[in-house]
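Colleague: If you scroll down you'll find the structure; I have some questions about it.
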Amino acid sequence: MEADILKPNEQKVVEMARGLEDILQQSLGWAQTHLKQPQVQSFILKTLQQKKGTAKKILDSAYRPIALGVFGSSQCGKSYLVSELIKGDQKALEIYISGKNGTPVLKDYLETINPAGGRESTALITRFTKRPYAEVRGCSIHARLISRTDIIKILLNGFLFECVSDFTPSADDLLKLKNSFRGIPRDPVPVFSADDIWDIQDYAKRHFRNQFLKMLEDINYKLTELYRSLHKALGDLGDQVVGLYDESLVPREKSIIDIERLYSLGKPGNRKCAVVPASGGAVEFDTSFLCALTRELILKVPQEVTNSLLDQMDVLDFPGARSREQVFDQSKLASDPLALSEVFKRGKVAYLFDRSSDDRDITGLVLCQEGGPQEAKSLPYMINKWIEWSHGPNPKSRQGKPLLLFHVFTKFDLDLIWKKGEDQNVRWESRLKSNFEEFFGRAGDWVVNWDETGAFRNCFWVRNPNVQQTVFGRKDGLEFIREETQLAETKAQYCRHELVRKHFRNPEEAWDEAASPNHAGIPYLKDRIRKTIEPNSKVIQLGSNIQAILHDVKTHLKPYHVGDDVSQARLAAEERAKKRLSALMKAMPTRYSLAFMLDHERFAISEKTVAMIYDSIVNPMIDEKSDDEKDSSSLSIESPRFDESIFEIPGVETQKEPEKVAKPPMKKGDLFAKAVIDRWHEQLIQMTADLEFQREIELDSEWLTDITQELMKGASRFSLYEKISEDSDKRLNSPASTKLMRMQSASTAALLNRFVTELGQARKEIQIPKGPPKANLSAKSYPGLAIYQHWTMSLIKLFKDNIAEGDKIDEESNSKLKRILDFSIQS
């Protein structure tokens, strides 16, 4: 939407997001100028860049209307539900389309445009709206295209979830890849910006934490060819809203909505249709590429439609989630002409919901679920990520917030069928325990612990009266119950069931609204959506996100503000440490939190990880030249065509080029130490964003952020970088450096992990008992108690000593940081 048509509350959140972007830019500038410790600076810059990326998504989302998403597994009954929520009092859902003459006409969406057949039919989001957020002159249909980074993410998603690969790059493979980069000139205008690279990295970390992208180029060249063709077709239209004509949607057998278009990707003879950029001037697009590159189809519904959800919000119809199975190997990708399209299709369908969730485009969500086996195993994780940003990551953060998730059990008519000899409790156990609590419980505990009052209780039943009914008959267009006694008995058992009372606010009302003649549950659901999702719900949601990011930024930067009195700053640091330890004390008796944090790949680092870093230094992937050497070598020096002396002017001296003093190359020990410390920092950053781990240890992101920053400051103060460099340089430069890898890995890991466990304070030796120790089952016999006591007391000293008494106060830094810390955003 343009700024001039934003509502006042929408304009307010835009201003809030801009304010956040400005303070993040100031924070980045402060960190680059005033953080002197390179490792600490690197950590803060990475963290702020991630926050900046999220702030940009919030700002972009603020320009788009509030929207309700409708999502679920493939073929779970979404299409009918979406139509009923939107069409209002009209007999059918109609949308505007127009030909090249620009005259808009109304068409029945389900009968004319939506692909027919009992299959998952779309590979794009369909946005139904009365208020398009962008328009192109002369077009009634609009499409928002994906970006170049989206193409990479879709291929990443499809490859990791759909392809089988045991590929592990050998040293020769890595050397070949390294050599392939030589001689390639640097592009003066890069295709991908630094923010794009951060965005791809952030997506991979959040969505594929336990998986690794192998080298796509070497695994199967066809994936690379597909990327190149999509990249070329997209051109400069990435992430833009373009106009389309009716030829893109009708006839529906050839529509870009139909997922079948993807199976003709790259084939000759495909149908073409016009695409109109906002700047004007139509260009022709292959319909298969347009289907692949469209993220969101924007369809306008007439303003005159009454009793529609579109009066309050847009509705986003997502393609159904599918089962993810690694069934495509290299030979199948190479030989099966449809395999590549299938991998892209599955990757795109999964990615679209992830992207819309990350972009804060889904204010409320109708989650549809049918009975029977649940094949879309990734669905719980997708929903859990949406809940974390929209409502909060834990019961405490969700407490008191409007519940904007509506769980709809579809095809309810199948649950009403009387089956002779069946235990009625089994059907409700299956629906609400196996299919709901246990299935969605794989990715979080929100089903049973929504907030501090108890379980999730916003469930609904819905059925489609237009399909053949066993329980209901129809006479003169009205429904009647065939066997009232049986249905009454089923209802009585339903109302008595513990899980029904647990997850439905009013079990009897939910039944009556969906299991009575001429009541299918949709008007009841629509009414609840209207009452819950208020016009300013998105503003509140985004405002809450902005405040949370600002709070995180201040949490990261506050430890670096010393103030005017160092003694007072040390006292404040001590109080801060005690506050953190108070939370640890509370969690330890049940969660043993410190033991988990001191484990390898958390606060500590493993010898295996260090060994990989050691090998990368001994067998480098990049040229070990300084930046100056790289810059000078990349410039071509042009030989003069004429004698320079003929251009001399009397009385004017020839300007001499200043001599460049080449920087000495970094020692291998320095490169190794930097890589180890960077990898350690990466682990610490990941912990602060790992909500699952935070639930396990019952310590939040703010707690981990504060502790990890003090660890980094302490590591710099205790010269860990210099010690690792000095300890490793001799072995790295040895002719037998490869054979010394295990020895050096053990030494480096021990050096860093000793700091993590002792925090710079030598631990008293524990007397080894003579003879076998006696078993002690006392509640006070925690085996790690000595380590816990030493670590906690050392932590207080670490916090204090990180603000040294003799430190010279940087007044300029303090002044800038105070302005940042005093900044506030009014909701």
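The working numbering numbers the first residue of the sequence shown as 1199 and each following residue consecutively.
The C-beta atom is built at its ideal place from N, Cα and C for all residues, glycine as well.
Computed from a predicted structure; not experimentally measured.
According to DSSP, which residues form a beta bridge with F1326?
Modeller: As a position in the sequence shown, residue 1326 is number 128, starting the count at 1. In the DSSP output, where bridge partners are listed per residue, F1326 has L1497, V1513.
Colleague: Can you tell me which residues form a DSSP beta bridge with F1670?
Modeller: In the sequence shown, residue 1670 corresponds to position 472, counting from 1. Looking at the DSSP assignment, F1670 forms a beta bridge with I1679.
Colleague: Rounding to the nearest angstrom, what Cα-Cα distance links S1345 and D1437 in this structure?
Modeller: On the sequence shown, residue 1345 is found 147 positions in, with the first residue counted as 1. On the sequence shown, residue 1437 is found 239 positions in, with the first residue counted as 1. S1345 and D1437: Cα-Cα distance of roughly 5 Å.
Colleague: How is the beta strand (DSSP E) around K1305 delimited, first residue to last?
Modeller: Start at 1 with the first residue of the sequence shown, and residue 1305 comes out as number 107. K1305 -> beta strand (DSSP E) spans 1302-1306.
Colleague: Which residue wins for smallest C-alpha separation from I1718, given the options E1282, K1583, S1588?
Modeller: Counting from one through the sequence shown, the residue named residue 1718 turns up at place 520. Note that residue 1718 is Ala in the sequence shown, not Ile. Minimum Cα distance to A1718 is reached at E1282.
Colleague: Which whole runs of the beta strand (DSSP E) in the stretch 1855-1902 are 3 residues long or more, in chain order?
Modeller: Listed in chain order, nothing qualifies, since the stretch 1855-1902 has no complete beta strand (DSSP E) run of 3 or more residues.
Colleague: Do you know how far the Cα of G1336 is from the Cα of T1301?
Modeller: By 1-based counting over the sequence shown, the position of residue 1301 is 103. By 1-based counting over the sequence shown, the position of residue 1336 is 138. If you take the alpha carbons of T1301 and G1336, they lie about 8 Å apart.
Colleague: Assuming R1450 contacts N1312 under a Cβ cut-off of 8 Å, what Cβ separation, rounded to an integer in Å, is found between them?
Modeller: In the sequence shown, residue 1450 corresponds to position 252, counting from 1. In the sequence shown, residue 1312 corresponds to position 114, counting from 1. Contact flag correct, Cβ pair sits at about 7 Å.
Colleague: Using a C-beta cutoff of 8 Å, does V1481 count as contacting chain D?
Modeller: Here chain D cannot be found, since the structure has a single protein chain.
Colleague: Under the three-state reduction of DSSP, which class applies to C1274: helix, strand or coil?
Modeller: For the purposes of this step, residue 1274 is taken as residue 76 along the sequence shown, with counting starting at 1. Three-state result, C1274: coil.
Colleague: Let me know the alpha helix (DSSP H) ranges lying completely inside the stretch 1775-1824, each 4 residues or longer, listed in chain order.
Modeller: Fully enclosed alpha helix (DSSP H) runs of 4 or longer: 1791-1795, 1805-1816.
Colleague: To which residues of the same chain is Q1965 closer than 6 Å at the C-beta, ignoring the five residues directly before and after it?
Modeller: Locating residue 1965 in the sequence shown gives position 767, where the first residue counts as 1. Counting only Cβ-Cβ distances below 6 Å, and skipping sequence neighbours, we find nothing.
Colleague: By Cβ distance, which residues of its chain are closer than 7 Å to I1747, with the 5 residues on each side in sequence left out?
Modeller: Numbered from 1 along the sequence shown, position 549 holds the residue referred to as residue 1747. Same-chain partners within the cutoff: L1218, K1249, T1252, A1253.
Colleague: Work out the CA separation of G1562 and A1490 for me, nearest whole Å.
Modeller: In the sequence shown, the residue the question calls residue 1490 occupies position 292. In the sequence shown, the residue the question calls residue 1562 occupies position 364. Roughly 26 Å separates the two Cα atoms.
Colleague: Look at the alpha carbon of L1358 and the alpha carbon of V1737, and state the distance between them as a whole number of angstroms.
Modeller: Position 160 of the sequence shown, counted from the start, is the residue given in the question as residue 1358. Position 539 of the sequence shown, counted from the start, is the residue given in the question as residue 1737. Roughly 35 Å between the two C-alpha positions.
Colleague: I1922: which of L1897, G1433, K1575, V1874 sits nearest, CA to CA?
Modeller: For the purposes of this step, residue 1922 is identified with residue 724 of the sequence shown, where counting begins at 1. Taking only the C-alpha atoms, the option nearest I1922 is V1874.
Colleague: Using C-beta distances below 8 Å, list every residue in its chain close to E1920, excluding the 5 sequence neighbours before and after it, in chain order.
Modeller: Taking the first residue of the sequence shown as 1, we reach residue 1920 at position 722. So the list reads A1871, once near-sequence residues are dropped.
Colleague: Assign H1717 to one of three DSSP states: helix, strand, or coil.
Modeller: By 1-based counting over the sequence shown, the position of residue 1717 is 519. If DSSP states are grouped into helix, strand and coil, H1717 belongs with the strands.
Colleague: Enumerate in chain order the residues of its own chain whose CB-to-CB distance from V1503 is below 6 Å, with the five nearest sequence positions on each side excluded.
Modeller: Numbered from 1 along the sequence shown, position 305 holds the residue referred to as residue 1503. Excluding positions up to five away in sequence, the list reads G1286, Q1288.
Colleague: Going by DSSP in three states, D1444 sits in which element: helix, strand or coil?
Modeller: Here residue 1444 is taken as the residue at index 246 of the sequence shown, counted from 1. Helix, per DSSP.
Colleague: Which of the three DSSP states is assigned to Q1567 in this structure?
Modeller: Looking up residue 1567 in the sequence shown gives position 369. The answer is strand: DSSP assigns Q1567 an E or B state.
Colleague: Where DSSP assigns a beta bridge to F1604, which residues make up the other side?
Modeller: For the purposes of this step, residue 1604 is taken as the residue at position 406 of the sequence shown. According to DSSP, F1604 bridges with V1564.
Colleague: Exposed or buried, what is N1505 when buried is set at 16 or more other beta-carbons lying within 10 Å of its beta-carbon?
Modeller: Numbered from 1 along the sequence shown, position 307 holds the residue referred to as residue 1505. By the neighbour-count rule (16 or more Cβ atoms within 10 Å), N1505 is not buried but exposed.
Colleague: Do I1457 and A1321 count as a contact pair if the criterion is CB distance below 8 Å?
Modeller: Here residue 1321 is taken as the residue at index 123 of the sequence shown, counted from 1. Here residue 1457 is taken as the residue at index 259 of the sequence shown, counted from 1. Cβ atoms of A1321 and I1457: closer than 8 Å.
Colleague: With respect to the beta strand (DSSP E) encompassing R1661, which residues constitute its N-terminal and C-terminal limits?
Modeller: As a first step, residue 1661 is located in the sequence shown; it is residue number 463 there, counting from the start. R1661 -> no beta strand (DSSP E), and no H or E assigned at all.
Colleague: Please report the Cβ distance between R1961 and H1988, rounded to the nearest whole angstrom; I am assuming they are in contact, meaning their Cβ atoms lie under 8 Å.
Modeller: The count along the sequence shown starts at 1 and reaches residue 1961 at position 763. The count along the sequence shown starts at 1 and reaches residue 1988 at position 790. R1961 to H1988, Cβ: 5 Å. Contact.
Colleague: Is DSSP giving V1389 helix, strand or coil here?
Modeller: Position 191 of the sequence shown, counting from 1, holds the residue named residue 1389. Note: V1389 maps to coil in three-state DSSP.
Colleague: CB-CB under 7 Å to I1811, same chain, minus the five flanking residues each way: which ones, in chain order?
Modeller: For the purposes of this step, residue 1811 is taken as residue 613 along the sequence shown, with counting starting at 1. Here the set comprises F1870, A1873, V1874, R1877.
Colleague: Between the Cα of L2084 and the Cα atoms of D1348, L1918, N1623, V1212, which residue gives the shortest distance?
Modeller: Residue 2084 falls outside the range modelled here, since the chain spans only 1199 to 2025, and no answer is possible.
Colleague: Between the C-alpha atoms of K1465 and S1486, what's the straight-line distance to the nearest angstrom?
Modeller: Within the sequence shown, numbered from 1, the residue matching residue 1465 stands at position 267. Within the sequence shown, numbered from 1, the residue matching residue 1486 stands at position 288. Distance between the alpha carbons of K1465 and S1486 is about 9 Å.
Colleague: By DSSP, does R1625 sit in helix, in strand, or in coil?
Modeller: Taking the first residue of the sequence shown as 1, we reach residue 1625 at position 427. Here R1625 sits in helix by DSSP.
Colleague: Following the continuous alpha helix (DSSP H) through D1484, name the residue where it begins and the one where it ends.
Modeller: As a working mapping, residue 1484 is identified with position 286 in the sequence shown. Unbroken run through D1484 is the beta strand (DSSP E), 1481-1484; no alpha helix (DSSP H).
Colleague: State the beta-bridge partners of R1342 as determined by DSSP.
Modeller: Indexing the sequence shown from 1 puts residue 1342 at position 144. For R1342, which the question treats as bridged, DSSP gives the partners V1439, E1494.
Colleague: Between the beta-carbon of Q1567 and the beta-carbon of S1271, is there less than 8 Å?
Modeller: For the purposes of this step, residue 1567 is taken as the residue at position 369 of the sequence shown. For the purposes of this step, residue 1271 is taken as the residue at position 73 of the sequence shown. Contact: yes.
Colleague: For I1293, which three-state DSSP category applies?
Modeller: Residue mapping note: residue 1293 aligns to position 95 of the sequence shown, counting from 1. Strand at I1293.
Colleague: Can you find at least 3 beta carbon pairs, one from the stretch 1878-1886 and one from the stretch 1205-1213, that sit closer than 8 Å?
Modeller: Cβ pair count under 8 Å is below three, so no.
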